[in-house]
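Asker:
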Amino acid sequence: MLFPFLLGEKKKRTKGRMFNGNNGNLQFPSFLEQEQFRYGSSASTQLQLFGNTECNMSQSKASIGLSWAPKVPIFSKKAKESAGKLQIKEPTWTPENELVDGLFVPPRDPRKLNKLMKKSLKDTAGASWFDMPAPTITPELKKDLEILKLRSVIDPKRHFKKGDKSKTLPKYFQVGTVIEPASEFFSGRLTKKERKATLADELLSDHNLKAYRKRKVQEIDESRKPGGVEKWKIKGRNSRKRAKDRRR
């Protein structure tokens, strides 16, 4: 199709196209100019309003679409299923290695969780005993506890309340030293020579206890000795009383 060219600044309009005479470039007329060419100047006022609103709407749509419309990727069902399978195949905790990326992840098994909770709890006597911890039992401490269980035999002139008959040692206890007040400086105070490291050493260093222990051991040995006739044994005062009774 041939287009007529105009020399000069005037523009010749065709039914949808327009040429500039100086430049020779092809220019497309606006919607309003096309409608004026078709229907005349009578409908120009109505078309101006309609054209302005349409242009504004097209500009607003273009600006809205460019400014904030997000680019959301479209996922298929197969991609979702494959992602779900990957999550199931890779567990967060493995029983062999308790550390995942250098961090501790608690196990899902409730039994293992209870075991971990019991290990984390402190071994104490409870809140009523002010959370008294269980000390480590050494051989020296074990001897002292055994002596305390036999305290009723140590001194004949001291009587204590009967303890429990169980042979097991206590689990929760504390060891301390008795500090004498100033009023007992001469009567109840132990000197540096008398004060020992353990309770067993103090009992072994006591002379009165040594004599009492020696006498008791002799009595036990005599009672266990195989003797002859019971009536010919010398039994001290008891034998004299029996002799007097016979004389009568």
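The numbering of the sequence shown is full-length UniProt numbering, which starts it at 1 and goes up by one. Ideal Cβ placement from N, Cα and C applies to all residues, glycine included. The model shown is predicted, which means the values in this text are computed figures rather than measured ones.
1. Report yes if the CB atom of E202 is closer than 9 Å to the CB atom of R189, and no otherwise.
2. Using the DSSP secondary-structure output, state which residues sit across from T168 in a beta bridge.
3. In terms of residue numbering, what span does the alpha helix (DSSP H) encompassing P207 cover?
4. For the alpha helix (DSSP H) containing V153, list its first residue and its last residue.
5. Based on Cα-Cα distance, which residue from K171, I220, E194 lies nearest to G126?
6. For P133, does the three-state DSSP call read helix, strand or coil?
7. Mind checking who T124 pairs with in its DSSP beta bridge?
8. How many angstroms separate the CA atom of S205 from the CA atom of S166?
9. Give me, in chain order, the residues of the same chain whose beta-carbon lies closer than 8 Å to that of L209; leave out the 5 immediate sequence neighbours on both sides.
10. Rounded C-beta distance between T124 and P133? I'm assuming under 8 Å.
11. Do K143 and L199 have their C-beta atoms closer together than 9 Å?
12. So, at 7 Å on beta carbons, what are the nonlocal neighbours of residue 250 in its own chain, with the 5 sequence-adjacent residues on each side left out?
13. In whole angstroms, give me the CA-to-CA distance for Q174 and L141.
Answerer: Let me lay it out:
1. In this structure, E202 sits away from R189, with a CB-CB distance that is not shorter than 9 Å.
2. According to DSSP, T168 bridges with nothing at all.
3. Checking the sequence shown, residue 207 turns out to be His, not Pro. Membership of H207 in the alpha helix (DSSP H) is indicated by the continuous run 207-224.
4. Per DSSP, the continuous alpha helix (DSSP H) segment holding V153 begins and ends at 151-154.
5. Proximity to G126 across K171, I220, E194 peaks at K171, based on C-alpha coordinates.
6. Strand at P133.
7. Within the DSSP bridge table, the entry for T124 names P133 as partners.
8. Taking the straight line from one Cα to the other gives about 29 Å.
9. Correct list, in chain order: I154, D155, L203.
10. Correct: roughly 6 Å between the Cβ atoms.
11. Their beta carbons are under 9 Å apart, which means K143 touches L199 by this criterion.
12. Residue 250 lies beyond the range of the chain shown here (1 to 248); nothing can be said about it.
13. Using only the alpha carbons, I get a separation of about 11 Å.
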